[in-house]
Amino acid sequence: MDARNLLRFLVFSFCLTLVFLVTWFHLPSSLTNKETLNCNIYSGWCTSKNRFQSSNPINKPTASTLRNQKPRHESDVPHHPLDPLTIQEFNEVRAVLSTHPLFKYSNSYTFNSIVLEEPDKELVLKWKKGQPLLPRKASVVARVKCVTHTLTVDLSTSQVTNHETRSPSSGYPTMTIEEMTSVLDVPFKSDEFNRTINNRGVNLADLACLPISSGWYGTPVEENRRLIKVQCYSRKGTVNFYMKPIEGLTVLVDMDKKEVVSITDNGLNIPVANGIDTDYRYSVQKLNGELNLINPISLEQPKGPSFTVDGHLVKWANWEFHLKPDPRAGTIISRAKVRDPDTLEFRNVIYKGFTSELFVPYMDPTDGWYFKTYMDAGEYGFGLQAMPLDPLNDCPRNAYYMDGVFASADGTPFIQPNMICIFESYAGDIAWRHAECPITDLKVTEVRPKVTLVVRMAAAVANYDYIMDWEFQTDGLIRSKVGLSGILMVKGTTYENMNQVPDEEYLYGTLLSENIIGVIHDHFITYYLDMDIDGSDNSFVKVNIKKQQTSPGESPRKSYLKAVRKVAKTEKEAQIKLKLYDPSEFHVVNPLKKTRVGNPVGYKLVPGATAASLLDHDDPPQKRAAFTNNQIWVTPYNKSEQWAGGLLVYQSQGDDTLQVWSDRDSPIENKDIVLWYTVGFHHVPCQEDYPIMPTVSSSFDLKPVNFFERNPILRMPPNFKEDLPVCKAQDSA
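Numbering of the sequence shown is given in my numbering, commencing with residue 692 and proceeding in unit increments.
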């Protein structure tokens, strides 16, 4: 080796060693089976895909962080049959699986999901506090040598009690965070990709790339391959890299082989937007002058909140329910019961409710956009994308925060801190009121304030933020609310003004700023609602509001409205599309339980503002998301049918969806039934959505209908001035 080559070798070796040492000292210490990652400390490891290319180093714990840090959950034990797996249980699952032949003789596997396998419903319903816990089991979805497996681990016997192999045609499991991050390295190994980036005038160091689920379209390249697409942005000059897309550049990656399948570049003539004034951070925006429109406001509770949280059991006012974080659904509400004001007994309302799936199709059929038809829960994990909530801004004072404990790709448990918050809300709303008018000569004014309990989670699924609330009211009503915020997914364009756009050209969206189009898209959020109204056997009743003509001479009126009740006998009779000019109420009743005057007790679904999917039913994305073909469905309870898009959603073909189950047309009258409801949004972007969107919301209610004998909050007292202390604002937990 000559002197010049020797010198090059020594310099290269020194640089390589330096990189290794820097990397080593920035990694968390090696984890044993009893250790777990805390995302407050190791945020660089427990990252979400909207921060995949973050240049921030791992956050070192400060003294303040350690002082305020909650317990790390190592000593947690389950107290309820529905409590999520604990750290100790995750480690037990890993130990059992490490001896199983499937994993023992393979060094290539991924745990895509490890969650509690809930006990059979009838056993949970019989279980009482103080009794021994039901046997604990874990449900596992794993990829081993490019094959998907589902397993059940019995923690009481330390045995694998069930093992099934899944065909690729049934779809693939939810991606892990590690899988999503690892595919982003693949394009950089391609000389063609690197040349393309340089040709666009973008520095490789300024790239921020995202893994985008590819959907399924029945093409030969998809056959038996788990694929993902990677698209990139420039983060030069702004943290809001979404506003600077490198338009037309798409890299198709084989997720299992970690190799580039193809590179498409149809946007060489499209400039990268300048991104001026798109940084939404307070530290940047305050430099332009703060917009102080209101005085600070806060709900103070000198006596503390009125709710209690015991493990995962929440009690407030006349409500009691079980709450747990979930890596796929986000938030799961179970065993929701309300106290009857007359008998003082708790009565069953919901056995289990959660977000089953989200479908977000973009309405641009061109090459770089047609595949953007996300199913956020089944592909990315809605709970995995939940961000730590920001005290005082996401949640008010006196909020209680609940952590999620989930499994990483190798089964190691990690903590998703402050994932859910619980708080009481008072916005000056009125629970009920009446003031007698002067002509009656009765001086009566009675008003009761409305205070509610809110359970909140916020998931940042790449650019979009979803604020998911479950709200409980003292009158027995439950409201589920979806708030959409975050950042639009935009398309690069050569146009800087609408006067440049030819009349015959359609943009697939709205020109928001120079070289930026906000593409039209939909959001559909489908809820699983296992209603148990005073018991499991319920019926679904459609109460149609019809116009009735009066007979000649019957009345001066010519028409009136008539409520016509029809009990759905089978599933197809409960497949419902909402119609403004054919209105109905939708009741879930217990036909065997009646009020004093003979009405069946029940709850009704009250839809809020919503939207329906307008896509062709044969369109591949709509086939996979056939659960949005109707707004309401009712199916018989089946423990294995909880995910509206199927258990394995990634590249699924629509063979295992809510539509398929419902088309069996099974009997549902006086059965244990599940109600499904979809909240929908059509989003035509506008300039007010740029560069970050004000929150837009929609909701639905589950409202008592003949459930109580009378207004259940009739005896609730009003507020009196002397009962309300004058509060001095101060820091509180």
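Backbone N, C-alpha and C define an ideal beta-carbon position, used for all residues, glycine too.
>> In this structure, how does DSSP classify Glu-1413 when only helix, strand and coil are distinguished?
In response: The residue you call residue 1413 lines up with position 722 of the sequence shown. Glu-1413 falls in the helix class under three-state DSSP.
>> For Phe-884 and Leu-943, I'd like the C-alpha separation in whole angstroms.
In response: Here residue 884 is taken as the residue at index 193 of the sequence shown, counted from 1. Here residue 943 is taken as the residue at index 252 of the sequence shown, counted from 1. Answer to the nearest angstrom: the Cα atoms are 11 angstroms apart.
> Are there 16 or more other CB atoms within 10 angstroms of the CB of Met-1093, so buried, or fewer, so exposed?
Replying inline: Residue mapping note: residue 1093 aligns to position 402 of the sequence shown, counting from 1. Counting C-beta atoms within 10 angstroms of its own C-beta, Met-1093 has 16 or more neighbours from the protein chains shown and is therefore classed as buried.
>> With three or more C-beta pairs closer than 8 angstroms as the rule, is the segment 1154–1171 touching the segment 1282–1291?
In response: Contact between the segment 1282–1291 and the segment 1154–1171 is absent, because fewer than three Cβ pairs lie under 8 angstroms.
> Tell me the DSSP bridge mates of His-1212?
Replying inline: Position 521 of the sequence shown, counting from 1, holds the residue named residue 1212. BP columns for His-1212 point to Tyr-1053, His-1374.
> Can you name, in chain order, every residue of its own chain whose Cβ lies under 8 angstroms from the Cβ of Ile-1267, other than the five neighbours on each side?
Replying inline: The residue you call residue 1267 lines up with position 576 of the sequence shown. Result list for Ile-1267: Lys-1233, Ser-1275, Phe-1277, Asn-1321, Gln-1322, Ile-1323, Trp-1324, in chain order.
>> So, with DSSP's three-state summary, where would you put Ser-1423?
In response: Stepping through the sequence shown from its first residue, residue 1423 is reached at position 732. Confidence at Ser-1423 is low in this model, with a pLDDT of 45, below 50, so its placement is unreliable and no value can be given for it.
> Considering only the beta carbon of each residue, do Thr-1046 and Ala-1020 sit closer than 8 angstroms?
Replying inline: Counting from 1 along the sequence shown, the entry for residue 1046 is found at position 355. Counting from 1 along the sequence shown, the entry for residue 1020 is found at position 329. Cβ distance < 8 angstroms, so Thr-1046 and Ala-1020 count as in contact.
> Secondary structure at Pro-993, three-state DSSP: helix, strand or coil?
Replying inline: By one-based count along the sequence shown, residue 993 stands at place 302. Coil, per DSSP.
>> Once the 5 residues before and after Val-1297 are set aside, which same chain residues still bring their CB inside 7 angstroms of it?
In response: Position 606 of the sequence shown, counted from the first residue, corresponds to residue 1297. Within the same chain, Val-1297 has close Cβ partners Phe-1391, Asp-1392, Lys-1394.
> Exposed or buried, which one is Gln-1025 when buried takes at least 16 other CB atoms within 10 Å?
Replying inline: For the purposes of this step, residue 1025 is taken as the residue at position 334 of the sequence shown. Checking the sequence shown, residue 1025 turns out to be Ser, not Gln. Ser-1025 comes out buried.
>> I'd like the ranges of any beta strand (DSSP E) spanning at least 3 consecutive residues and lying wholly in the segment 1209–1255.
In response: Along the length of the segment 1209–1255, whole beta strand (DSSP E) runs at least 3 residues long occupy 1212–1222, 1228–1240, reported in chain order.
>> Just verifying my parser: in three-state terms, what is the DSSP assignment at Phe-1097?
In response: Mapped onto the sequence shown, residue 1097 falls at position 406. Strand, per DSSP.
> Under the three-state reduction of DSSP, which class applies to Pro-1358: helix, strand or coil?
Replying inline: Your numbering for residue 1358 matches position 667 in the sequence shown. In the structure shown, Pro-1358 sits in a strand (DSSP, three-state: E or B).
>> By the three-class DSSP mapping on this structure, what secondary structure does Lys-1006 have?
In response: If you number the sequence shown from 1, residue 1006 lands on position 315. Lys-1006: strand per DSSP, three-state reduction.
> For Ala-1027, does the count of other Cβ atoms within 10 angstroms reach 16, so buried, or fall short, so exposed?
Replying inline: Counted from its first residue, the sequence shown places residue 1027 at position 336. Here Ala-1027 is buried: its Cβ has 16 or more other Cβ atoms, across all protein chains shown, within 10 Å.
>> With DSSP as the reference, identify every bridge partner of Glu-855, one or two as the case may be.
In response: Working through the sequence shown from its first residue, we reach residue 855 at position 164. As computed with DSSP, Glu-855 is found in a beta bridge with Thr-841.
>> Considering only the alpha carbon of each residue, which of Ser-861, Glu-1048, Gly-1293, Thr-1136 lies closest to Tyr-1218?
In response: Taking the sequence shown and counting its residues from 1, the one referred to as residue 1218 is at position 527. Nearest Cα to Tyr-1218 within the set Ser-861, Glu-1048, Gly-1293, Thr-1136: Glu-1048.
>> Three or more C-beta pairs under 8 angstroms: does that hold for the segment 1308–1316 against the segment 1195–1214?
In response: Because the criterion of three Cβ pairs below 8 angstroms is not met, the segment 1308–1316 and the segment 1195–1214 do not touch.
> In three-state terms, what does DSSP make of Asp-945?
Replying inline: Your numbering for residue 945 matches position 254 in the sequence shown. For Asp-945, the secondary structure class from DSSP, reduced to helix, strand or coil, is strand.
> The alpha helix (DSSP H) with Ile-961 in it runs from where to where?
Replying inline: Position 270 of the sequence shown holds residue 961. DSSP places Ile-961 in no alpha helix (DSSP H); its state is neither H nor E.
> Per DSSP, Asp-1017 forms a beta bridge with which residues?
Replying inline: Within the sequence shown, the letter at position 326 stands for residue 1017. Bridge partners of Asp-1017: Gly-1021.
> Which residue comes first and which comes last in the beta strand (DSSP E) that contains Thr-1136?
Replying inline: Walking along the sequence shown from the start, residue 1136 turns up at place 445. 1136–1140 is the span of the beta strand (DSSP E), which, as asked, contains Thr-1136.
> Ser-974 by DSSP, collapsed to three states: which one?
Replying inline: The residue you call residue 974 lines up with position 283 of the sequence shown. The answer is helix: DSSP assigns Ser-974 an H, G or I state.
>> Measuring straight from C-alpha to C-alpha, what distance separates Asn-1188 and Asn-1009?
In response: Taking the first residue of the sequence shown as 1, we reach residue 1188 at position 497. Taking the first residue of the sequence shown as 1, we reach residue 1009 at position 318. Between the alpha carbons of Asn-1188 and Asn-1009 lies a distance of about 57 angstroms.
> What distance in whole Å lies between the Cβ atoms of Ser-799 and Lys-836, which are believed to be in contact at a cut-off of 8 angstroms?
Replying inline: By one-based count along the sequence shown, residue 836 stands at place 145. By one-based count along the sequence shown, residue 799 stands at place 108. At roughly 6 angstroms, the Cβ-Cβ gap stays under 8 angstroms, so Lys-836 and Ser-799 are in contact.
> Using a Cβ-Cβ cut-off of 8 angstroms (strictly less than) and excluding sequence neighbours within five positions of Ala-1317, which residues of its own chain qualify?
Replying inline: For the purposes of this step, residue 1317 is taken as residue 626 along the sequence shown, with counting starting at 1. Annotation for Ala-1317: His-1308, Gly-1345, Thr-1348, Leu-1349, Gln-1350, Val-1351 place their beta carbon closer than 8 angstroms to its own, counting only its chain and skipping 5 residues before and after.
> What residue range is occupied by the uninterrupted beta strand (DSSP E) comprising Lys-920?
Replying inline: Here residue 920 corresponds to residue number 229 of the sequence shown, with the count starting at 1. Looking at the DSSP string, the run of the beta strand (DSSP E) that includes Lys-920 is 918–925.
> Going by beta carbon distance, what residues of the same chain come within less than 7 angstroms of Pro-1087, once the five residues before and after it are set aside?
Replying inline: Taking the first residue of the sequence shown as 1, we reach residue 1087 at position 396. Same-chain partners within the cutoff: Ser-989, Leu-990, Phe-1114.
>> Here's a check: name, in chain order, each residue in its chain whose Cβ is nearer than 7 angstroms to the Cβ of Ser-1389, leaving out the five neighbours to either side.
In response: As a working note, residue 1389 is residue 698 in the sequence shown. Its chain contains Val-1173, Gly-1299, Ala-1300, Thr-1301, Val-1370, Phe-1372 as the residues whose beta carbon lies nearer than 7 angstroms to that of Ser-1389, once the 5 sequence neighbours on both sides are disregarded; these appear in chain order.
> Given 8 angstroms as the limit, is there contact between the segment 1377–1389 and the segment 945–953, that is, 3 or more CB pairs closer than that?
Replying inline: The segment 1377–1389, when compared against the segment 945–953, does not touch it at the 8 angstroms Cβ threshold.
> Which stretch, first to last residue, makes up the alpha helix (DSSP H) that contains Glu-813?
Replying inline: Mapped onto the sequence shown, residue 813 falls at position 122. Residues 812–817.
>> Between which two residues does the alpha helix (DSSP H) holding Asn-889 run?
In response: Position 198 of the sequence shown, counted from the first residue, corresponds to residue 889. Note, Asn-889: alpha helix (DSSP H), 882–890.
> Going by the beta-carbon positions, is the gap between Ala-1100 and Glu-780 smaller than 8 angstroms?
Replying inline: As a working mapping, residue 1100 is identified with position 409 in the sequence shown. As a working mapping, residue 780 is identified with position 89 in the sequence shown. Not closer than 8 angstroms, so no.
> Would DSSP call Leu-1175 helix, strand or coil?
Replying inline: Indexing the sequence shown from 1 puts residue 1175 at position 484. For Leu-1175, the secondary structure class from DSSP, reduced to helix, strand or coil, is strand.
> How would you label Phe-1411, buried or exposed, when you count the other beta carbons within 10 angstroms and need 16 or more for buried?
Replying inline: Start at 1 with the first residue of the sequence shown, and residue 1411 comes out as number 720. Phe-1411 should be labelled exposed.
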